[in-house]
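Reviewing the structure listed below.
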Amino acid sequence: MLTAISRYGARVLPITEDLVAGCRARGEFIQGPQIAEFEAAFAGRHGLGPAHAITAAYGRIAFYYMLKALDLPPGSEIIFPSLTFWVVPELARVAGLTVVFADVDPKTFNLDLDSVERLITDKTRAIVPTHLYGLPCDMDRLLAIAGTHNLIVLEDCAHALGATYKGKPVGTFGAGALFSFQTLKPLNCYGGGLALVSDPVVAAKVRAMVDALPWPSEKRITGRLLMGRLQRIFMKPWVFSISLFPVLWVSALIDANPDVFFWEKIRSLHPLPEQYRERFPNVQAAIGIEALKHLDEWTAQVQANAEYVNSALAGIPGIQRPLAPADRTHAYYQYCVIGPDGPQRDDLVVRCVRRGIDIETLHVDVPPDMELFSTATAEADGARRAAQAMQIPVHSGLRRDQIERVASTVRTVLAAAAR
Ligand SMILES: Cc1ncc(COP(=O)(O)O)c(C=O)c1O
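Position 301 of the sequence shown, counting from 1, maps to 300 under numbering that gives the first Met the number 0, and the rest follow consecutively.
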């Protein structure tokens, strides 16, 4: 049977079940010493002491607590990119700030810094560069702008753990950074996140807020691990081929978008959902400690896969491959190409899907186009163009024969359309 290749590949440790069983046997499923050990290992990787890394229930809530700890005056403006996960700006709003969206450069999918400069006012206090899809932003220029206007920089590293800018890991440039450990992210702990905070006083405030939260129930954690196991099973090529893939295949033909069912419902997050307000459990930290040991190897594998696809897609007229400037490394959380817009783009996707390659077209959002942010000041033309990208599977779980198939199929489809 010709199997289909899923857009996602969770990074899974073969010893996951043993780690879970070990935590249970030691009575350290929920609380335990591995949380501090994981935080120390994560901070150490970023050249910081253990007090600077604080785990949380989600990356988004780690961000929220950083904002609370910074104690910006209510109504302060905070600049986000117009292409990002809507929850992050929404939480800035819940924290009492006014969100402003600067445009994105469709070549890098990252903040357009000219747009940022245009949108700075005397109320602007912070800026959130999202290293979208794993490519670091131009941090030298961004930090220079922030320095001139006295702005706090909080990096959104949810996609970019493993990426570097001028040899330094992302997350070490601003006052703080958020990381996500959700199943599909570069470091999979089956959920959770972390705030990396450079100022020890702010870090201590974040820790005090997180420490005051309740622990999750055993049932909730078990449910999360089970969900992770199911996702893992559904991503296996043969299971994917006979389960989710047929749904995607039919949807592509009838122009439906089943992706919306995978994503979180767009809504106000005030008051904060209950599951946001709890701590990161020991069993997930135990998984994180082991996963961190494999991170560089996974990053190298996804980079090699991306390089392979890059070579295969070279020279196709009208197709822009992902840019990775020489001063940074790309973590390729997503590998995005931009070609035609609208129905023509959708037609290319259908052709790839029919040949068994699952292409994603909606990964993050253009928040200024959402009802939720309809009154926000925004520039978003570049973001709308960037949102027309096609995301081609290159994840670290793909074997050589699979990445060859991805590359040759996508090349055939794109090159035929370009003729
Ligand atoms: C760009 C971006 N930022 C932040 C987050 C939040 O991460 P978490 O799900 O851990 O809250 C995500 C999650 O998908 C994301 O894509």
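Just so you know, even glycine gets a beta-carbon here, dropped at the ideal spot from N, CA and C.
Helix, strand or coil at residue i according to DSSP, with G and I counted as helix
i, result
"residue 124", "strand"
"residue 11", "coil"
"residue 103", "strand"
"residue 151", "strand"
"residue 263", "coil"
"residue 57", "strand"
"residue 27", "coil"
"residue 295", "helix"
"residue 310", "helix"
"residue 186", "coil"
"residue 76", "strand"
"residue 181", "coil"
"residue 359", "strand"
"residue 418", "coil"
"residue 328", "strand"
"residue 112", "helix"
"residue 377", "strand"
"residue 284", "helix"
"residue 119", "coil"
"residue 369", "coil"
"residue 68", "helix"
"residue 214", "coil"
"residue 136", "coil"
"residue 396", "coil"
"residue 268", "coil"
"residue 204", "helix"
Residue i burial status per 10 Å Cβ neighbour count (16 or more: buried)
i, result
"residue 137", "buried"
"residue 295", "exposed"
"residue 389", "buried"
"residue 216", "exposed"
"residue 300", "buried"
"residue 126", "buried"
"residue 149", "exposed"
"residue 14", "exposed"
"residue 184", "buried"
"residue 419", "Shown here, the chain extends from 0 to 418; a query on residue 419 therefore has no answer."
"residue 147", "exposed"
"residue 175", "buried"
"residue 128", "buried"
"residue 320", "buried"
"residue 207", "exposed"
"residue 274", "exposed"
"residue 264", "exposed"
Own chain residues within Cβ distance below 7 angstroms of residue i, not counting five before or after
i, result
"residue 230", "9, 182"
"residue 103", "80, 81, 82, 109, 110, 111, 381, 382, 385"
"residue 351", "358, 408, 409, 412"
"residue 406", "307, 308, 311"
"residue 132", "108, 158, 332, 333, 335"
Other residues of its chain near residue i: CB distance less than 8 angstroms, five sequence neighbours each side excluded
i, result
"residue 402", "304, 307, 308, 393"
"residue 2", "236, 237, 239, 240, 355"
"residue 187", "9, 10, 11, 180, 181, 227, 286, 290"
Identity of the residues DSSP links to residue i by a beta bridge
i, result
"residue 167", "164"
"residue 389", "336"
"residue 279", "For residue 279, which the question treats as bridged, DSSP gives no partner whatsoever."
"residue 176", "154, 195"
"residue 419", "An answer regarding residue 419 cannot be provided, because it is not within the stretch 0 to 418 covered by the chain."
"residue 4", "356"
"residue 98", "77"
"residue 52", "195"
"residue 129", "155"
"residue 319", "337"
Inter-residue Cα distance where the pair is residue i and residue j
i, j, result
"residue 249", "residue 360", "16 angstroms"
"residue 383", "residue 269", "27 angstroms"
"residue 196", "residue 160", "15 angstroms"
"residue 267", "residue 64", "18 angstroms"
"residue 145", "residue 61", "22 angstroms"
"residue 311", "residue 322", "15 angstroms"
"residue 232", "residue 141", "41 angstroms"
"residue 366", "residue 199", "32 angstroms"
"residue 54", "residue 169", "17 angstroms"
"residue 12", "residue 242", "24 angstroms"
"residue 124", "residue 247", "43 angstroms"
"residue 289", "residue 374", "44 angstroms"
"residue 347", "residue 7", "19 angstroms"
"residue 121", "residue 234", "48 angstroms"
"residue 163", "residue 219", "34 angstroms"
Close beta carbons around residue i, own chain, < 6 angstroms, minus the five adjacent residues each side
i, result
"residue 201", "68"
"residue 417", "315, 316, 317"
"residue 106", "322"
"residue 338", "317, 318"
"residue 89", "268"
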